[in-house]
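Student: One line per chain: the protein sequences are G and S, in this order. Residue 378 in the UniProt record's numbering sits at position 378 of the first sequence; the count goes up by one each step and never skips. Residue 265 in the UniProt record's numbering sits at position 265 of the second sequence; the count goes up by one each step and never skips. Provided herewith is a single structure, encoded as structure tokens, for subsequent inquiry.
Number of protein chains: 2
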Amino acid sequence: MTKENVQGASEEEPQGQSKKGLKKQQKEAEKAAKKAEKQAKLADQQEADEDDFAKDRYGVCPMVQSQQKLDRALVRVQDLTPEKAEQQIWVRARIHTSRAKGKQCFLVLRHQQFTVQALIAVGDHASKQMVKFAANLTKESIIDVEAVVKKVDQKIESCSQQDVELHVERIFVISQSEPRLPLQLEDAVRPEGDGDEEGRATVNQDTRLDNRVIDLRTTTSQAIFRLQSGVCQLFRDTLINKGFVEIQTPKIISAASEGGANVFTVSYFKTSAYLAQSPQLYKQMCICADFDKVFCVGPVFRAEDSNTHRHLTEFVGLDIEMAFNYHYHEVVDYITDTMVQIFKGLHDRFQTEIQTVNKQYPSEPFKFLEPTLRLEYKEGLAMLKAAGVEMGDEDDLSTPNEKLLGRLVKEKYDTDFYVLDKYPLAVRPFYTMPDPNNPKYSNSYDMFMRGEEILSGAQRVHDAQLLTERAMHHGIDLEKIKAYIDSFRYGAPPHAGGGIGLERVTMLYLGLHNIRQTSMFPRDPKRLTP
Amino acid sequence: MTKENVQGASEEEPQGQSKKGLKKQQKEAEKAAKKAEKQAKLADQQEADEDDFAKDRYGVCPMVQSQQKLDRALVRVQDLTPEKAEQQIWVRARIHTSRAKGKQCFLVLRHQQFTVQALIAVGDHASKQMVKFAANLTKESIIDVEAVVKKVDQKIESCSQQDVELHVERIFVISQSEPRLPLQLEDAVRPEGDGDEEGRATVNQDTRLDNRVIDLRTTTSQAIFRLQSGVCQLFRDTLINKGFVEIQTPKIISAASEGGANVFTVSYFKTSAYLAQSPQLYKQMCICADFDKVFCVGPVFRAEDSNTHRHLTEFVGLDIEMAFNYHYHEVVDYITDTMVQIFKGLHDRFQTEIQTVNKQYPSEPFKFLEPTLRLEYKEGLAMLKAAGVEMGDEDDLSTPNEKLLGRLVKEKYDTDFYVLDKYPLAVRPFYTMPDPNNPKYSNSYDMFMRGEEILSGAQRVHDAQLLTERAMHHGIDLEKIKAYIDSFRYGAPPHAGGGIGLERVTMLYLGLHNIRQTSMFPRDPKRLTP
């Protein structure tokens, strides 16, 4: 490629990517290349007339194929501050926007969530041709620029780096973007109301997800997934500090771990197997194997045909299991403290990310109490009944009632995080320990953020005989969970634990309303790509 | 259950667990319970004759069902040191061994990899009946004891806590083990040679894996998996310090990520899908989405019918992908430094675990150089040819040649870790960047520990056109990887990365010889359980 090729490219209005096959695309690309070549030749002739003194100062680089080890430091956009004023530096960034104005071209350069203004003007360092070249570069192309950092008198409100701009002296393209983007980044970060009012576009969810690589470049997406990385880190660091061991549990299993429903089947050589619906049985087996306090972070799979705002067929489970001495509340305290450490860490370390997301999706700051509020299921039910809800003592909470209870709890206790303890035994899995004082209840709990469940947990039955009885009561084929039940025959400590949905924690902490926003490449009954 | 039940139990020689159904087991258990009840009644009568002054000091606790919040601190076995001498404490532990001798009973109590001797003797605190009760407890049962910590004159060589023993005053069973263990822990930690010579048993791998919960209790297993948890932690901490973001990639995918072979098929509602053979395409898409430096830790699936010492059908991938400026060696340096940080961290923080494993599986300490040795594939081939190996310049390394090269490198450079760079293009995946100087080679590399591959990586093709050409050259259906190829159309930074096999790192660092030892619940073509 030569530098002239790009000059033929001009920005067009965004439109849907052609759905025709790649071969056709290729042919078109070849045609376009030939056309560009012709144009380039013409342009060459024209420009040969006026001598371009800056011709070595711009152009399209050959594809970076590691031809050389260039000893050139690149400064990150986020590090462009007034302390660097008057320094000559190199920067690599994308072209976020571009605006030509007479003999000048203003670019906004972007790297991740950071932006800076850059100016190329005809003068000592740039020729007319060079400014034209810059003005014709396609948005989202990646470029290297050499520039002098200049302090500005008036803050540049539209950029993250408001106190400086770059005066560009050289500009080279590292990777060109096609001119037609499947979505515009500025549309993708526009708050939902704003678009309607002012007749400006927003981007619907399917377009975002179909073009996830572009959608993930927005400041909002960058912030969401950096914060999510932080949730994982805080979860693990807190537990490792508390003496937990990280385990890895198999995802391909020979029998459905939580009963037969909602499980994906896998062809396994000459037989079939299942995808684990949770690491439940395996983390408990690790407790029986004396690891005492274990956690794992990994995918869990649910073949549930639920098309809701908070269900995915594959999500990331943050799982905890722990032996305790005398009462499962020892474990509940460990888990709630872990959640509190996560909330504090997010608040302290991810304020920029939280504020970035809030610009597009406003929400109240997340509130929690110390110690964590723990209500009994009965108490929760009483609050709901007092608010006019009719439901039986042993019924499970429906999603609307869950949310209503969250609002009632928020009003009364001013917290977005609480534990609901002692669920009816009937609505919990077979391995749940019954309440010693009332056989209709159980030593089990859910935890909620902003009125939605993020964790389900319980003391587990650690006695093989009672476990067998409970499994039979639930109609589970004992032969299929033999290895699991046998684990409890050779001395098993009392233990409890829980499983947290990572995407839900991120969604609810940030006050978002759809779990697909907090899963990079979400999977639901209707979506398997990208 | 009453305390008398246990008295009927006696230790028997280990033998294979009956393979008959659970129902039969249950019937037998019921019979045994009736028999025990009868015996208990008899025992009751006998004991009624002699008054038992200690009868409240021992027994079987009711199943811990969180009946009460007991305000009792339990001291961990590993914390039983001479500083605690003369203190009255409570300990929870398993019965590791038990030896009755006249009016005394010596127990070795175990918690995880730590052991302490405990003595119960007829006297002020224990009756004849209480000593008999203790002597009859089954191995691996979990007990609470109240005891006084006593310094000992002679070190107790057989225990980890060598300077103290416990004088037991109360003993209660928390969870009873069945008397017949499917394997003996002392057999399971015996070095392989030792068993043969002295006519003592060792435990074969299938017995271990069939009874993994017991096998994981051994000091060796505890050490292996604590160290493996450390590998994950060191990997992530090092990368987070280097500015990486953790990502979560989908495991259920619509098209085989690395070509069609060796992929597991999943039924996905009314269609089918595949299990990801690596997070390759997704971590690259994150680079195109400006995350710049990403890592992920998660399961990868290979439907390969390989029954070798180092292949699993499901293993844990530690994956890295990173944008670089001008040369992929920037990324190679990041990865090798990450490996070096892991080696150093293991050496500094897991010395006890390393030595524990070495007792059963002796090996030389793991050696590495700083900076890491990097050889070109051609150089490796020249070394092999000089050693008499015949192979073509563009052939891949066979496993025996890989190992031989490892030995040659160790002899010449004294390192167990090195990089082999610039593999022939023909033996690498379609997304590998060709060498700019020689089209037969590529910008790709493997990394080796003790002569076995632990990482495979490369600079990736970041240009949609070249990627299309390379995919077609490999006969890959372009329509199936459209979303992936399209990711590179809107500006893509040059990038490189690699995938590390967690179980292999643990195995090779510790000098073990079978990957099933470093996977808690290994999956291979013949094993799906437990």
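Here a beta-carbon is modelled for each residue, glycine too, at the ideal position from N, C-alpha and C.
1. Which residue or residues does DSSP assign as beta-bridge partners of Pro434 (chain S)?
2. Three or more C-beta pairs closer than 8 Å, one from the segment 165-185 of chain G and one from the segment 130-139 of chain G: is that the case here?
3. Run through the DSSP bridge pairs and tell me what Ala134 (chain G) is partnered with.
4. If we require 4 or more residues per run, which alpha helix (DSSP H) segments fall completely within the segment 465-513 of chain G?
5. For Gln117 (chain S), list the residues DSSP reports as bridge partners.
6. Excluding the five sequence neighbours on either side, which residues of its own chain have a C-beta within less than 6 Å of the C-beta of Tyr484 (chain S), listed in chain order?
7. Given Val331 (chain G), which residues of its chain have a CB within under 7 Å of its CB, disregarding the five upstream and five downstream residues?
8. In whole angstroms, give me the CA-to-CA distance for Val148 (chain G) and Gln104 (chain G).
9. As an exercise, report each continuous alpha helix (DSSP H) stretch of at least 4 residues that is fully enclosed by the segment 257-282 of chain G, in chain order.
10. So is Leu512 (chain S) in contact with chain G if we call contact Cβ pairs under 7 Å?
11. Which chain S residues are close to Ser175 (chain G), counting only those with a beta carbon under 7 Å from its beta carbon?
12. Buried or exposed: Pro522 (chain G), going by 16 or more other Cβ atoms within 10 Å of its Cβ?
13. In the DSSP assignment, the alpha helix (DSSP H) including Glu330 (chain G) goes from what residue to what residue?
14. Relative to the C-alpha of Val504 (chain G), which residue among G:Gln248, G:Val231, G:Glu169 is closest?
15. Starting from the Cα of Phe366 (chain S), find the closest Cα among S:Gln78, S:Tyr509, S:Met520, S:Phe106 and give me that residue.
16. What would DSSP say about Thr97 (chain S), mapped onto helix, strand or coil?
17. Contact check, His329 (chain G) vs Lys69 (chain S) under 8 Å by CB: the rounded distance?
18. Asp319 (chain G): which of G:Pro279, G:His311, G:Gln465 sits nearest, CA to CA?
19. On the DSSP letters alone, give me the boundaries of the alpha helix (DSSP H) that Lys412 (chain S) sits inside.
20. When DSSP labels each residue in this structure, what does Met322 (chain G) get in the three-state scheme?
21. For chain S, find out if any of its Cβ atoms is closer than 7 Å to the Cβ of Leu528 (chain G); answer yes or no.
22. Taking 8 Å as the threshold, find out whether the segment 269-279 of chain S comes into contact with the segment 468-487 of chain S through three or more Cβ pairs.
23. If you draw a straight line from the C-alpha of Phe417 (chain G) to the C-alpha of Leu405 (chain G), how long is it?
24. Count the other C-beta atoms from every protein chain shown that fall within 10 angstroms of the C-beta of Met339 (chain S), then say buried if there are 16 or more, exposed otherwise.
25. The alpha helix (DSSP H) that contains Arg226 (chain G), what's its start and end?
26. Which whole runs of the alpha helix (DSSP H) in the segment 356-406 of chain S are 4 residues long or more, in chain order?
27. Run the CB neighbour count on Asp486 (chain S), radius 10 Å, all protein chains shown included, and call it buried at 16 or more, exposed below.
28. Determine the direct distance from the alpha carbon of Arg226 (chain S) to that of Lys55 (chain S), and round the result to whole angstroms.
29. His327 (chain S) CB to nearest chain G CB: under 7 Å?
30. Indicate whether Ile214 (chain S) and Ser175 (chain S) have their beta-carbon atoms separated by less than 7 Å.
31. Rounded to the nearest angstrom, what separates Leu216 (chain S) and Met520 (chain S) at their Cα positions?
32. Where do the ends of the beta strand (DSSP E) carrying Glu146 (chain G) lie?
33. So with Cβ pairs under 7 Å, would you call Leu70 (chain G) a contact of chain S?
34. Spell out whether any CB of chain S is found under 7 Å from the CB atom of Glu37 (chain G).
35. Does the Cβ of Tyr413 (chain G) have 16 or more other Cβ atoms within 10 Å, making it buried, or fewer, making it exposed?
36. Report yes if the CB atom of Phe244 (chain G) is closer than 7 Å to the CB atom of Cys61 (chain G), and no otherwise.
Tutor: Here's the rundown:
1. According to DSSP, Pro434 (chain S) bridges with S:Ser442.
2. As far as the Cβ criterion goes, the segment 165-185 of chain G touches the segment 130-139 of chain G, which means the pair count is three or higher.
3. Partner residues in a beta bridge of Ala134 (chain G), as assigned by DSSP, do not exist.
4. Within the segment 465-513 of chain G, the complete alpha helix (DSSP H) runs of at least 4 residues are 482-486, 502-509.
5. Gln117 (chain S) has S:Val108, S:Glu165 as its beta-bridge partners, per DSSP.
6. Excluding sequence neighbours, Tyr484 (chain S) sits near Leu281.
7. So the qualifying residues of the chain are Met322, Phe324, Ala496, Gly497.
8. When rounded, the distance between both Cα atoms is 16 Å.
9. None, since the segment 257-282 of chain G contains no complete alpha helix (DSSP H) of that length.
10. With a threshold of 7 Å between beta carbons, Leu512 (chain S) makes no contact with chain G.
11. Result: His462, Gly491, Ala492, Pro493.
12. It is buried - the Cβ of Pro522 (chain G) has at least 16 other Cβ atoms within 10 Å.
13. Run containing Glu330 (chain G): 329-349, per the alpha helix (DSSP H) assignment.
14. The sequence shown places Arg at residue 504 (chain G), rather than the Val named in the question. If we check each option's Cα against that of Arg504 (chain G), G:Val231 comes out closest.
15. Nearest option by C-alpha distance: S:Tyr509.
16. If DSSP states are grouped into helix, strand and coil, Thr97 (chain S) belongs with the strands.
17. Their Cβ separation, rounded to whole angstroms, is 7 Å, which keeps His329 (chain G) and Lys69 (chain S) in contact under 8 Å.
18. Distance check between Asp319 (chain G) and each of G:Pro279, G:His311, G:Gln465 places G:Pro279 closest, using alpha-carbon atoms only.
19. Run containing Lys412 (chain S): 399-413, per the alpha helix (DSSP H) assignment.
20. In this structure, DSSP gives Met322 (chain G) an extended state, which the three-state scheme calls strand.
21. Yes, because at least one Cβ of chain S sits closer than 7 Å to the Cβ of Leu528 (chain G).
22. With a cut-off of 8 Å, the segment 468-487 of chain S and the segment 269-279 of chain S do not count as touching, because too few Cβ pairs lie within range.
23. Using only the alpha carbons, I get a separation of about 12 Å.
24. In this structure Met339 (chain S) is buried. Its beta-carbon is surrounded by 16 or more other beta-carbon atoms within 10 angstroms.
25. Counting along the chain, the alpha helix (DSSP H) containing Arg226 (chain G) begins and ends at 219-241.
26. Assignment of alpha helix (DSSP H) within the segment 356-406 of chain S, counting only whole runs of 4 or more residues, yields 377-386 in chain order.
27. Classification for Asp486 (chain S): buried.
28. Lys55 (chain S) and Arg226 (chain S): Cα-Cα distance of roughly 41 Å.
29. Output row for His327 (chain S): interface = yes.
30. Result no, Cβ atoms of Ile214 (chain S) and Ser175 (chain S) do not sit closer than 7 Å.
31. C-alpha separation (whole angstroms): 8 Å.
32. Here the beta strand (DSSP E) through Glu146 (chain G) covers 142-151.
33. Output row for Leu70 (chain G): interface = yes.
34. Not one chain S Cβ lies under 7 Å of Glu37 (chain G).
35. It is exposed - the Cβ of Tyr413 (chain G) has fewer than 16 other Cβ atoms within 10 Å.
36. Result no, Cβ atoms of Phe244 (chain G) and Cys61 (chain G) do not sit closer than 7 Å.
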